[in-house]
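Each remark here refers to the structure printed beneath this line.
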Amino acid sequence: MSIKVPANGGSNSSERERLERRIAQLCRYIGKSPWVFHVNTGSCNGCDIEIIAALTPRYDAERFGVKLVGSPRHADILLVTGPVTNQSLERVKLVYEQTPEPKIVIAVGSCPTGGSVFYESPFTNAPLSNVIPVDVYVPGCPPRPEAILHGVVLALEKLAKMLKGEVPGVKE
Ligand code: SF4
């Protein structure tokens, strides 16, 4: 079952603190910090900048060990931006296959979530769920860093359930 993040993702500081506490709590529960691999499938870079903001000192998810890695083989979570252009299509599938199970896919932004203005373009393949299984949707053009952090919380909650065997960890 996929999960959708509210559009504002919670934008006040108390909400941000709640998200940060929840990330720390889930990392302790899982017994590790999730590593993320960022896949740009032809985005305008708007969503990508917000991902960087979520990870770097202003929002600082890295303080919990949520960090970008250079290979999908080391990742627990794929953060996918963009409308899946024809040029990126095979690369997205390959990156998904290279990511070990259990893995979580987060569609970041309106482009991978639903196609946005590129919907039904002959040059794109959005929504991302047409191409690979998606676990969490974070809409917005671009979504705020709080919304991305909220998506990470939902991803960690699902990862925790996978590790406990409550939901299947290996997708068909
Ligand atoms: S959702 Fe908006 S900001 Fe994000 S890649 Fe698409 S057009 Fe750019």
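So for the sequence shown, numbering that gives the first Met the number 0 puts the first residue at 0; every next one is plus one.
For each residue, glycine too, the CB sits at the ideal point set by N, CA and C.
For clarity, every value in this text was computed on a predicted model and none was experimentally measured.
Proximal residues to residue i (C-beta, below 6 Å), its chain only, five neighbours per side dropped
i, result
"glycine 150", "Val4, Ile105, Val135, Val137"
"glycine 113", "Pro126"
Same chain, Cβ closer than 8 Å to residue i, neighbours up to 5 away in sequence not counted
i, result
"phenylalanine 122", "Thr84, Asn85"
"phenylalanine 63", "Glu19, Ile22, Ala23, Cys26, Ser32"
From the options, residue whose alpha carbon lies closest to that of residue i
i, options, result
"methionine 161", "Ala74, Glu100, Phe117", "Glu100"
"asparagine 44", "Gly81, Leu77, Ala60", "Gly81"
"isoleucine 147", "Gly41, Glu89, Ile48", "Ile48"
Sub-9 Å separation of residue i and residue j beta-carbons
i, j, result
"valine 107", "proline 142", "yes"
"arginine 15", "tyrosine 58", "yes"
"serine 12", "phenylalanine 36", "no"
"isoleucine 103", "alanine 60", "no"
Cβ neighbours of residue i in the same chain (closer than 7 Å, five flanking residues each side left out)
i, result
"tryptophan 34", "Lys66, Val68, His73, Ala74, Asp75"
"glycine 127", "Per the sequence shown, the amino acid found at residue 127 is leucine instead of glycine. Answer for leucine 127: Val79, Val83, Ala106, Pro111, Val133, listed in chain order."
"isoleucine 29", "Leu155, Leu158, Ala159, Leu162"
Whole-angstrom C-beta distance between residue j and residue i, which should lie under 8 Å
i, j, result
"valine 174", "valine 130", "The question about residue 174 has no answer here: the residues shown for the chain are numbered 0 through 171."
(request) Let me know the beta strand (DSSP E) ranges lying completely inside the stretch 19 to 64, each 3 residues or longer, listed in chain order. (result) Here the runs fully enclosed are 34 to 39.
(request) At 3 residues or longer, and completely inside the stretch 73 to 150: list those beta strand (DSSP E) runs for me, N to C. (result) Qualifying beta strand (DSSP E) stretches, in chain order: 76 to 80, 103 to 107, 135 to 137.
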